[in-house]
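What follows is one structure encoded as structure tokens, with my remarks underneath.
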Ligand SMILES: Nc1ncnc2c1ncn2[C@@H]1O[C@H](COP(=O)(O)OP(=O)(O)O)[C@@H](O)[C@H]1O
Ligand SMILES: [Mg+2]
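Dropping the structure here:
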């Protein structure tokens, strides 16, 4: 009898351990970990080119994760990418003139959306659109720019022709080179 | 005459074995409803097959994680991508190494002991004795082990993966000085529960079924001698390792 | 050949088992070549014969573990090769079978081994199971060994535990495959008595395969002598002891020469050793 009991206890412990491991993997090491944030609010942003940006890519302010990309669509009429950003409710003090940019982490890393805070007294609310955006910096375009020379490159860059391209985003336009 | 039989062995014999194994699987599936009467036996087998494999699985998981941490850190640093260490380790573990290495270890640890146990029961007439006591050995001996294998393998693979991640973290963060936050956030933004973790779970479930099928089949059809049991045990390791890798390829190719 | 038919008594009307024209081939070897045999109810029938003639195989036919190539095996009025698995299992629940090599379940203690058939088929209270099992173990003299594991027992003890397991459900038929092997004279005597008691008090039909002629003669009602795939002789122990046929004479006096070959078929001894014919 005692022998039988110990089997059952051992089996039970084993199964618990197995499921604990599964639970750990699922909630701590996967994107589920990012859904812990609980309540969130959504912002929209239009980009002419999002590069390799994918669903669930992080959204960062000052390098700190504040949310994730929850939707990517193509706007049929303008042929822009409409990206939905899902931000944690805790970070609801983001000025509504802040800019969004698609950056790459490291030289070959994954892409993410960085929000550069503006100075407006009003804050973003659920459903607002981020007007100031900067598209993904394509390696080919960069190379093209340097080869052909500053002016010619600018003329060929569609993003530059758009009014949304902000001059103050320029210092951040070369993060890949900033290796220190 | 024996030369003729040897010549036939690879193809004819192989196909015959696969066929017999398929029929055996069918018999197991038919016996499963009846085996629910012996639920306690299944519980016991989960303990034997699972809990007994735990130590080897955990040890190997930890070390494989550490090795992956070292190797991939080195490789990634060539591209300046060490931030992705967590992601790369997690994905290679969850999708491939976890299920496959766990399956190979499981075949060696649990598969052989299932074969040897059933083979010995065959050799000492215990299976016949059960039949004579009107107890169906398929339902009492084989099906519980099969079910246990299916239950246990994914759990073992999860334990293996968890220890692997810890091992990689140990090497990457504590030893090589990667940033803790980078390690985890990079991982959590790239690992998907459905695509990666559960994918590995399905794989390991399938491996568990195939390995226990081969192990029980080899044991059940062992020639009733000690030599026969020894050969059957070896065959279990060989066949189930091959089957695991072939199945892994098929599942990777078609299910992803 | 001799005429075993001469010895055959009138066919008993109340045969529990009757076998007609049994033919079986295993591998390349013809094990049975037309065997007719009757096991009357409530009697002890002994089956004897040189080892390797197929006594165990015959028992496997009776319990449906093996199907015949030809002929029929009727048990309790049913053709054992024809009845379905359910009916076969129902029948087996009423048969106790003592395996030649005990076949105890190595995972279970002596107690659990004997309790196994009870637990598998009946929902009995634990108390009752305990009482039944201890009674049976007492009958084979191993009540004290109840908590031992099979690996801790000697061959003779295992045989006795297996016997306790075979009788635990009070079957209508008990089949003993060489129950005396490995028993010391004391245990042998007790087991012999037990077999007789079970037969006489409960009327359990018994089939006994054994080589110990003296022991068998004391309890068997009839003996079948199986040799070379046929029934070589049949009768009461007294009939056979008188040894009227060459088969019985040889078998019971244990001589190497006679109708039962002691030697497995082989080329000529001298030729094989190279003493004759090889070198001129
Ligand atoms: N599965 C089998 N395949 C081939 N031959 C077998 C098989 N089982 C038993 N035999 C042969 O049948 C003969 C009878 O065996 P058995 O019934 O065990 O003899 P015994 O009279 O000693 O109990 C033996 O010669 C044995 O080699
Ligand atoms: Mg025998």
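Protein chains in written order, with this note's numbering: chain H, 1 to 180; chain G, 1001 to 1256; chain B, 2001 to 2280.
Using N, Cα and C, we set each Cβ at its ideal position, and we do this for glycine too.
- Between the stretch 2066-2073 of chain B and the stretch 2020-2032 of chain B there are three or more inter-stretch CB-CB distances shorter than 8 Å, so the stretches are counted as touching.
- Shortest Cα-Cα distance from residue 2167/B to any of 2196/B, 2149/B and 2186/B involves 2196/B.
- For a Cβ distance threshold of 7 Å, residue set 14 of chain H lies close to residue 1050/G, ordered along the chain.
- In terms of Cβ geometry, residue 1248/G and residue 1100/G form a close pair [threshold 8 Å].
- Residue burial annotation: residue 1238/G is exposed, with fewer than 16 other C-beta atoms found within 10 angstroms of its C-beta.
- Excluding its 5 nearest sequence neighbours in each direction, residue 118/H has C-beta neighbours in its own chain below 6 Å: 95, 97 and 98, listed in chain order.
- With a threshold of 8 Å between beta carbons, residue 1133/G makes contact with chain B.
- Per DSSP, residue 111/H is one residue of the beta strand (DSSP E) stretching across 111-116.
- In the three-state DSSP reduction, residue 138/H falls in the coil class, being neither helix nor strand.
- Residue pairing by DSSP places residue 2097/B opposite 2175/B in a beta bridge.
- Between residue 2097/B and chain G, the shortest Cβ-Cβ separation is below 8 Å.
- Interface criterion not met: the Cβ of residue 2078/B is under 8 Å from no Cβ in chain G.
- Residue 1236/G is positioned such that its CB atom lies closer than 8 Å to that of residue 1112/G.
- DSSP, reduced to helix, strand and coil, places residue 1146/G within a helical segment of the structure shown.
- Listed along the chain, the chain H residues whose CB falls inside 8 Å of the CB of residue 1046/G are 11, 14 and 15.
- DSSP places residue 2156/B within a helical segment (H, G or I) once states are collapsed to three.
- Interface residue (Cβ-Cβ distance to chain H less than 8 Å): residue 1253/G is not classified as such.
- Taken through DSSP and simplified to helix, strand or coil, residue 2199/B comes out as helix.
- Around the C-beta of residue 2034/B, fewer than 16 other C-beta atoms lie within 10 Å, and the residue is accordingly described as exposed.
- At a cut-off of 8 Å between C-beta atoms, residue 1180/G does not count as an interface residue with respect to chain H.
- Note that the stretch 2124-2141 of chain B does not touch the stretch 2055-2066 of chain B; fewer than 3 beta-carbon pairs, one per stretch, sit closer than 8 Å.
- In the assembly as shown, residue 2273/B is an exposed residue. Its beta-carbon has fewer than 16 other beta-carbons within 10 Å.
- Under the Cβ criterion (8 Å, minimum of three pairs), the stretch 2089-2102 of chain B counts as touching the stretch 2162-2181 of chain B.
- At a cut-off of 4 residues, the continuous stretches assigned as alpha helix (DSSP H) that sit fully inside the stretch 2055-2114 of chain B are 2055-2062 and 2085-2092.
- At a beta-carbon threshold of 7 Å, the residues of chain G lying near residue 2093/B are 1134, ordered along the chain.
- The stretch 1113-1128 of chain G makes no contact with the stretch 1176-1186 of chain G, as fewer than three CB pairs between them are under 8 Å.
- Between residue 2164/B and residue 2202/B, the C-beta spacing is not below 8 Å.
- Following the DSSP letters along the chain, one finds residue 2033/B inside the beta strand (DSSP E) bounded by residues 2029-2040.
- Chain G places a beta carbon closer than 8 Å to that of residue 2116/B, counting this residue as a contact.
- Around residue 8/H, the beta-carbon contacts reaching into chain G at under 7 Å are 1043.
- In the structure shown, residue 2224/B adopts extended strand secondary structure according to DSSP, grouped into three states.
- Taking 8 Å as the cut-off, the Cβ atoms of residue 39/H and residue 127/H do not count as close.
- Approximately 12 Å separates the beta-carbon atoms of residue 83/H and residue 67/H; this is outside 8 Å, ruling out the contact.
- Distance from the CA of residue 2146/B to the CA of residue 2117/B, rounded to the nearest whole angstrom, comes to 16 Å.
- Against chain B, the CB of residue 1126/G has a partner CB under 8 Å away; the residue lies at that interface.
- About 7 Å separates the CB atoms of residue 29/H and residue 1188/G; that is less than 8 Å, so the two are in contact.
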